[in-house]
Every structure is written in structure tokens, then in C-alpha cells.
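> Residue numbers (the working numbering): 226 to 706.
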Amino acid sequence: MRSGREPFAKERKPPRRDEEEDYVLHSPRLGLALILLMPVVLLLLDFFFFFGLGPEHLKSLGPAESLVVLLALTIQLMSLLQQATRSVVGGMQWTSRIVFGVKMGAAWTNYLLYTRPTPFIDDPITGRPNCMLRWSEWTVMAFIMAFLIDGTDSLELWKPLRFALFQGVSTFIGACLPMVSTTWLWMLMLSTCVVLFCTVYTRLFDRYQEFQTLKTEVPSDSYHLCKLKLAMHLNMLSGFFWTLLVILWGADGIARVFFSYSPAVDWCFISDCLIDVAAKLYYADILDADSQLFPVRFRLARGQLAASRMEAVWNDATDCIIVSQRLANGKLTTAASPSLSLFVGEDEAVPWVGGLQHGSDPVLAQDSKPPLPLRTDVLTLDELVPCAWWHSKFSCDIAQSEGKETARACEISASVSDDAEGCVIVLRDVTDRNRLFEMEREVCFHRMEAASHTWDLPDPPALTPILCICRNEIPLPKSSQ
Numbered sequence: 226m227r228s229g230r231e232p233f234a235k236e237r238k239p240p241r242r243d244e245e246e247d248y249v250l251h252s253p254r255l256g257l258a259l260i261l262l263m264p265v266v267l268l269l270l271d272f273f274f275f276f277g278l279g280p281e282h283l284k285s286l287g288p289a290e291s292l293v294v295l296l297a298l299t300i301q302l303m304s305l306l307q308q309a310t311r312s313v314v315g316g317m318q319w320t321s322r323i324v325f326g327v328k329m330g331a332a333w334t335n336y337l338l339y340t341r342p343t344p345f346i347d348d349p350i351t352g353r354p355n356c357m358l359r360w361s362e363w364t365v366m367a368f369i370m371a372f373l374i375d376g377t378d379s380l381e382l383w384k385p386l387r388f389a390l391f392q393g394v395s396t397f398i399g400a401c402l403p404m405v406s407t408t409w410l411w412m413l414m415l416s417t418c419v420v421l422f423c424t425v426y427t428r429l430f431d432r433y434q435e436f437q438t439l440k441t442e443v444p445s446d447s448y449h450l451c452k453l454k455l456a457m458h459l460n461m462l463s464g465f466f467w468t469l470l471v472i473l474w475g476a477d478g479i480a481r482v483f484f485s486y487s488p489a490v491d492w493c494f495i496s497d498c499l500i501d502v503a504a505k506l507y508y509a510d511i512l513d514a515d516s517q518l519f520p521v522r523f524r525l526a527r528g529q530l531a532a533s534r535m536e537a538v539w540n541d542a543t544d545c546i547i548v549s550q551r552l553a554n555g556k557l558t559t560a561a562s563p564s565l566s567l568f569v570g571e572d573e574a575v576p577w578v579g580g581l582q583h584g585s586d587p588v589l590a591q592d593s594k595p596p597l598p599l600r601t602d603v604l605t606l607d608e609l610v611p612c613a614w615w616h617s618k619f620s621c622d623i624a625q626s627e628g629k630e631t632a633r634a635c636e637i638s639a640s641v642s643d644d645a646e647g648c649v650i651v652l653r654d655v656t657d658r659n660r661l662f663e664m665e666r667e668v669c670f671h672r673m674e675a676a677s678h679t680w681d682l683p684d685p686p687a688l689t690p691i692l693c694i695c696r697n698e699i700p701l702p703k704s705s706q
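#1: So Gln308 is in the alpha helix (DSSP H); what residue range does that whole segment cover?
#2: Cβ of Cys545 within 8 angstroms of Cβ of Leu661?
#3: How about Val327 and Ile300: are their beta carbons less than 8 angstroms apart?
#4: Which ranges would you report for the alpha helix (DSSP H) in the stretch 617-674 if only whole runs of at least 4 residues count?
#5: Assign Cys621 to buried or exposed, taking buried as 16 or more other Cβ atoms, counted over all protein chains shown, within 10 Å of its Cβ.
#6: Using a Cβ-Cβ cut-off of 6 angstroms (strictly less than) and excluding sequence neighbours within five positions of Leu250, which residues of its own chain qualify?
#7: Should Thr427 go down as buried or exposed, given a rule of 16 or more other Cβ atoms within 10 Å for buried?
#8: Are at least three pairs of beta-carbons, each pair with one atom in the stretch 392-399 and one in the stretch 409-420, less than 8 angstroms apart?
#9: Count the CB pairs spanning the stretch 344-352 and the stretch 250-262 that are closer than 8 angstroms, and state whether there are at least three.
#10: Sort Tyr433, Phe483 and Pro354 by Cα distance to Asn460 and report the nearest one.
#11: Under 8 angstroms: do the stretch 472-485 and the stretch 448-459 share three or more Cβ pairs, one atom per stretch?
#12: Asn355 lies in the alpha helix (DSSP H); which residues open and close that run?
#13: Quick check on Pro253: does DSSP put it in helix, strand or coil?
#14: Please report how far the alpha carbon of Phe430 lies from the alpha carbon of Gln318, in whole angstroms.
#15: Excluding sequence positions up to five away, which residues of its chain have a Cβ less than 6 angstroms from the Cβ of Ser617?
#16: With a threshold of 16 other CB atoms inside 10 Å of the CB of Asp657, please say whether the residue is buried or exposed.
#17: In angstroms with no decimal places, state the Cα-to-Cα distance between Glu547 and Val443.
#18: For Leu390 and Lys384, I'd like the C-alpha separation in whole angstroms.
#19: In the structure shown, what three-state DSSP assignment does Thr427 receive?
#20: Of the choices Leu413, Trp363, Ile374 and Glu281, whose alpha-carbon is the least far from that of His458?
#21: Which residues share a DSSP beta bridge with Arg209?
#22: Report all residues from its chain with a CB closer than 6 angstroms to the CB of Gln550; omit the five preceding and five following residues, and keep chain order.
#23: Give the list of continuous alpha helix (DSSP H) stretches no shorter than 4 residues that lie fully inside the stretch 342-413.
#24: Assign Ala542 to one of two classes, buried (16 or more other C-beta atoms within 10 Å of its C-beta) or exposed (fewer than that).
#25: Could you check how far apart the C-beta atoms of Leu338 and Leu358 are, in whole angstroms? I think they sit under 8 angstroms.
#26: Could you tell me if Trp409 is buried or exposed, where buried requires 16 or more neighbouring beta carbons within 10 angstroms of its beta carbon?
#27: Please say whether Gly399 and Val425 have beta carbons closer to each other than 8 angstroms?
#28: Let me check understanding here. Comparing Cα to Cα, which of Pro598, Ser566, Ala624 and Met414 lies closest to Ala613?
#29: Measure the alpha-carbon distance for Ala367 versus Pro488 and round it to whole angstroms.
#30: Could you give the residue range of the beta strand (DSSP E) that holds Ala560?
#31: Could you check what DSSP says for Glu573 in three-state terms: helix, strand or coil?
#32: Identify, in the order they occur along the chain, each residue of the same chain with its Cβ nearer than 8 angstroms to the Cβ of Pro342, setting aside the five sequence neighbours on each side.
#33: Pick from Thr605, Ala560, Trp577 and Pro288: whose alpha carbon is nearest that of Ile495?
#34: Write down the C-beta distance between Ser361 and Leu270 rounded to the nearest angstrom, noting that I regard them as a contact closer than 8 angstroms.
#35: Out of curiosity, what's the CA-to-CA distance linking Arg633 and Val610?
#36: Would you mind working out which of Ala553, Pro563 and Trp467 sits nearest Ala645, comparing C-alpha positions?
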């Protein structure tokens with residue numbers, strides 16, 4: 226709204242937690258860095274495993290494994306096509322692009338597995354065959370997805386970065402396990418993997434405690450509280466899928482070590498492939514969709530709350546609220562709250578409450594500026610609204626209807642929008658207040674008249690201007706009481 230004061234220089238405000246721009250995932254520089262990091266690290270790891278391990282480790286998939294990989298690749302390509310043709314909510318482009326890159330990396334791995342022999346290493350301790358391209362995919366994607374999930378409600382960079390590093394390093398150490406033949410070193414590396422992986426649960430516990438604390442400190446519709454709920458949900462989903470992969474890996478290793486389990490079909494590889502697809506589709510899509518729709522849903526809920534509050538003010542306020550907008554043809558379209566009937570009568574108020582187009586053409590031209598109304602002027606609504614566009618405060622009487630001499634005394638306050646396309650006008654009925662003032666002035670006058678007879682003061686009419694200013698501030702002499 227327009228203000229008579231000049232704005233002060235803008236100061237940098239601390240994060241308010243109620244705007245998406247305050248969160249780390251909104252940063253374009255960070256989003257671009259993550260998008261560039263994914264293919265570079267993934268291709269470097271694939272190159273190392275392809276050419277660093279030697280041709281003796283290259284292995285083609287069996288018929289069952291190839292079929293599952295082809296199915297997974299088809300599902301991932303369909304998911305990529307759907308996301309590529311889907312519109313993105315403003316301000317959430319980088320999150321969507323990062324999730325798209327995660328799906329691209331998974332599809333790239335499945336493409337290589339299906340089309341050519343890829344490096345496999347049998348673990349010297351458990352005897353389990355390890356698909357090294359899958360490990361390289363998981364190393365990169367664990368870091369990226371952990372950062373996205375933890376950054377959902379983070380205002381600072383270091384917390385999601387630390388959590389992502391823990392998960393990325395844990396997965397990379399797991400990828401190095403098949404290349405270690407010393408039992409104690411293998412066990413030490415496995416223990417390190419488990420400890421770093423368990424930060425998923427400690428982070429979830431910390432977030433739950435923060436949620437319980439914030440529930441008592443901020444309103445239930447707080448933006449940050451809702452973002453924290455979303456982060457907890459994603460944290461639980463990622464923990465579930467990643468824990469499922471760890472359990473299957475451990476069960477397969479135990480079965481091979483203690484029960485000499487060695488099937489012709491690598492069921493563990495198939496289960497890893499299926500879980501990987503389900504995880505990418507499920508929590509990646511939830512992260513993408515919820516991160517985009519969350520600000521929209523939150524603002525919609527806030528808008529509905531504000532609308533309900535405004536509706537209560539609009540319908541029940543004793544002051545009349547008038548909203549006037551300027552049209553392209555120079556006229557005005559104006560709507561008033563139902564309390565207008567208290568000022569002009571029921572019949573006169575009906576068309577204004579429903580919305581009315583009025584005014585001369587053009588009503589707001591510079592040469593048609595109306596004079597500032599005086600308190601004794603009697604205006605109709607057609608005359609009052611254009612005056613309010615030009616004068617922010619004035620007092621006048623409002624005629625109730627044509628042919629009637631009765632009028633209501635009103636104080637008018639108006640505020641024009643910054644783009645000068647709308648004006649909000651508030652009418653306050655001061656008829657009763659003015660009547661009370663007249664009564665007080667009359668009483669004061671009679672008191673002064675009594676005092677003049679007692680003290681032989683000048684003629685009472687000479688004191689009338691003083692009485693109008695002092696109102697009831699001159700006390701009656703004790704001798705006359």
C-alpha cells in the first residue's frame with residue numbers, strides 16, 4: 226500500500242523459516258554443483274571398475290538377471306519421460322533437476338548391465354558376487370539423496386552435507402569390501418560401514434526431538450514445522466529402503482558363509498535391482514512431488530485461513546470496508562461489505578454489496594481531481610469513492626438515499642495500492658460521537674454562562690469560540706455548585 230514516508234534502506238533479514246528461499250535446496254549454485262557432481266563421479270567410478278579391475282572380472286548377466294534389469298530399465302525410462310514432460314513449480318526447479326539426475330544415473334547403470342559384460346567381484350570372505358557398477362551407482366546416489374532428504378528442512382549447509390558424507394563414505398567402503406582379503410581388515414571396514422550407516426537413525430531421532438520441541442514453540446501451521454514433518458517422512462522412507470538392502474546383503478552373506486548357499490540364479494542381485502527401482506520411484510518421486518507441491522499446499526492453506534478471517538471481518542465489522550478497482554476504460558468497479566446498510570440503508574446498499582461499476586470516464590484523470598471534502602459536506606457514494614482515491618483521510622456526511630435529508634457523519638480512511646490499480650476504503654460512523662460532542666459543548670456553554678453570572682464575566686457569546694476548543698475542560702466554580 227502507498228505510504229507518505231520514504232522507505233528506509235533494506236537490511237538483510239535473518240532466515241524466517243517461512244519462505245522456501247530460506248532453505249538450502251533453493252540455492253541455484255548448490256543445485257548446479259550437485260547436478261555436475263553426479264555424472265562426473267559416477268563416470269569416474271565406472272571407468273575405474275571397468276578398466277582398473279581387468280578383463281577377467283567382466284561378466285555377462287544370466288537370462289533371469291537380464292530380464293529383471295530390462296524391466297527395471299523400462300520402468301525408469303518411463304519415469305524419466307513422465308518427469309521430463311511435467312511442469313515444475315516456480316522456485317523448486319533445482320530439486321526436480323537433481324531428482325531427474327538421480328534417475329538418469331540409475332537408468333545408465335541398468336543400461337550398461339543389460340548391454341555388455343560388466344565387472345563383478347566375488348567377495349573373498351563371504352563368496353558373494355558383487356556388481357561393481359551397482360556399487361558405484363549407490364555410492365554417488367546415496368550421497369545425493371541423503372543431501373536432498375536432509376536438506377529438505379535445513380537452513381544451513383553443513384548439516385545435510387555431513388549426513389550425505391556419512392552415507393556416501395559408508396557406501397564407498399562397502400564397495401571396497403570385495404577387494405579386501407584380510408579378515409580383520411574386512412571386519413573393521415564392515416563395522417565402519419555399519420556405524421556410518423546408523424547415522425540415518427540418529428538423524429531421524431534428532432529430527433523427531435526437534436519436532437516435539439517445535440510443536441510447543443510455533444503454531445501448528447508453521448511453514449518450518451510442516452517442512453520438518455516432510456523431512457521426517459522422507460528420512461523414514463530412505464531408512465526403510467536402505468535398511469532392507471543391508472538386511473538382504475547380510476542374509477545372503479550369512480547363508481553363503483554358514484550354509485554354503487550358492488544358487489545358479491543370483492537372487493540377491495535381482496532383489497537389489499528391484500529394491501533400487503522401487504526406492505528411486507517411491508521416495509525420489511515423493512521428494513520431487515512433495516517438495517514442489519508443499520509450498521503450494523502451504524500457501525493455499527494460509528490463503529484459506531486468511532480468507533476465512535477476512536470473511537469474518539467483511540461480514541461482521543461495524544465499520545464498512547469498500548474495495549474499489551480501476552478499469553481500463555477509466556471507470557471504477559467497487560464492492561462494499563454488508564455493513565454499508567448501516568450507513569445508507571438496505572435498498573441503497575444492495576447494488577454496492579454485490580459490486581457496482583460507476584464513475585465518469587475517465588474518473589481518475591488528473592484534471593478531474595475532486596476537492597477535499599469538508600466535514601459539513603453531504604456526499605453520495607458515487608461522489609465519495611472517487612474522493613477517496615485522491616484523499617487518504619477526510620470527514621463528511623453520507624446521504625442515506627435520494628430524496629432523504631438524513632445523513633450519517635463518517636470518517637473516511639483510504640489506502641491506494643502501489644500499482645495504483647486498487648483502493649481500500651474504510652468508513653467509520655461517527656454520528657453518535659458527534660452528537661455526544663455537541664451535547665458536551667452545550668453543557669459546557671451553560672456552565673460558563675452560570676459562571677459569568679456569578680463572577681460578572683463578559684457576555685457569554687464572547688466565550689463561544691473558547692468553549693468549542695476547550696469542550697468540557699473548564700470546571701464549574703465551587704461557589705456556583
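Every residue, glycine too, gets a C-beta built ideally from N, C-alpha and C.
Checking against the coordinates, here is how it stands:
#1: Per DSSP, Gln308 belongs to the alpha helix (DSSP H) from Pro288 to Ala309.
#2: Contact: no.
#3: One thing to note: Val327 has its Cβ no nearer than 8 angstroms to the Cβ of Ile300.
#4: Given a length threshold of 4 residues, the stretch 617-674 has no whole run of the alpha helix (DSSP H) inside it.
#5: That one is buried.
#6: The residues are Thr320 and Gly376.
#7: It is exposed - the Cβ of Thr427 has fewer than 16 other Cβ atoms within 10 Å.
#8: Using a C-beta cut-off of 8 angstroms, the stretch 392-399 makes contact with the stretch 409-420, since at least three inter-stretch Cβ pairs fall below that distance.
#9: Remark: fewer than three beta-carbon pairs, one from each stretch, lie closer than 8 angstroms, so the stretch 344-352 and the stretch 250-262 are not flagged as touching.
#10: Sorting Tyr433, Phe483 and Pro354 by C-alpha distance to the C-alpha of Asn460 places Tyr433 at the top.
#11: Segments in contact, no.
#12: Annotation: Asn355 is outside any alpha helix (DSSP H); the continuous beta strand (DSSP E) that includes it extends over Pro354 to Cys356.
#13: Helix at Pro253.
#14: If I take the Cα positions, the gap works out to 30 angstroms.
#15: Same-chain partners within the cutoff: Ala639.
#16: When all chains shown are included, Asp657 counts as exposed.
#17: A quick correction: the sequence has Ile, not Glu, at residue 547. Ile547 and Val443: Cα-Cα distance of roughly 34 angstroms.
#18: If you take the alpha carbons of Leu390 and Lys384, they lie about 10 angstroms apart.
#19: DSSP, read as helix, strand or coil, puts Thr427 in helix.
#20: Ranking Leu413, Trp363, Ile374 and Glu281 by Cα distance to His458 puts Ile374 first.
#21: Limits of the chain in this structure are 226 at one end and 706 at the other, which puts residue 209 out of reach.
#22: Excluding positions up to five away in sequence, the list reads Thr558 and Gly647.
#23: The alpha helix (DSSP H) runs lying completely inside the stretch 342-413 and spanning 4 residues or more are 357-375 and 383-401, given in chain order.
#24: If you draw a 10 Å sphere on the C-beta of Ala542, you find fewer than 16 other C-beta atoms in it, and that means exposed.
#25: For Leu338 against Leu358, the beta-carbon gap comes to about 6 angstroms, under 8 angstroms, which counts as contact.
#26: Classification of Trp409: exposed, given that the 10 Å Cβ count is below 16.
#27: No; because the gap between Cβ atoms is not below 8 angstroms, this pair is not in contact.
#28: The residue with the shortest Cα to Cα distance from Ala613 is Pro598.
#29: If I take the Cα positions, the gap works out to 29 angstroms.
#30: Its beta strand (DSSP E) spans residues Leu557 to Ala561.
#31: In the structure shown, Glu573 falls within a helical segment according to DSSP collapsed to helix, strand and coil.
#32: In the same chain as Pro342, and ignoring 5 residues on each side of it, the C-beta atoms closer than 8 angstroms to its own belong to Leu283, Lys284 and Ser285, in chain order.
#33: Among Thr605, Ala560, Trp577 and Pro288, the Cα nearest to that of Ile495 belongs to Pro288.
#34: About 4 angstroms separates the two Cβ atoms, so the contact holds.
#35: Straight-line measurement puts the Cα of Val610 at about 16 angstroms from the Cα of Arg633.
#36: Per the C-alpha coordinates, the member of Ala553, Pro563 and Trp467 positioned closest to Ala645 is Ala553.
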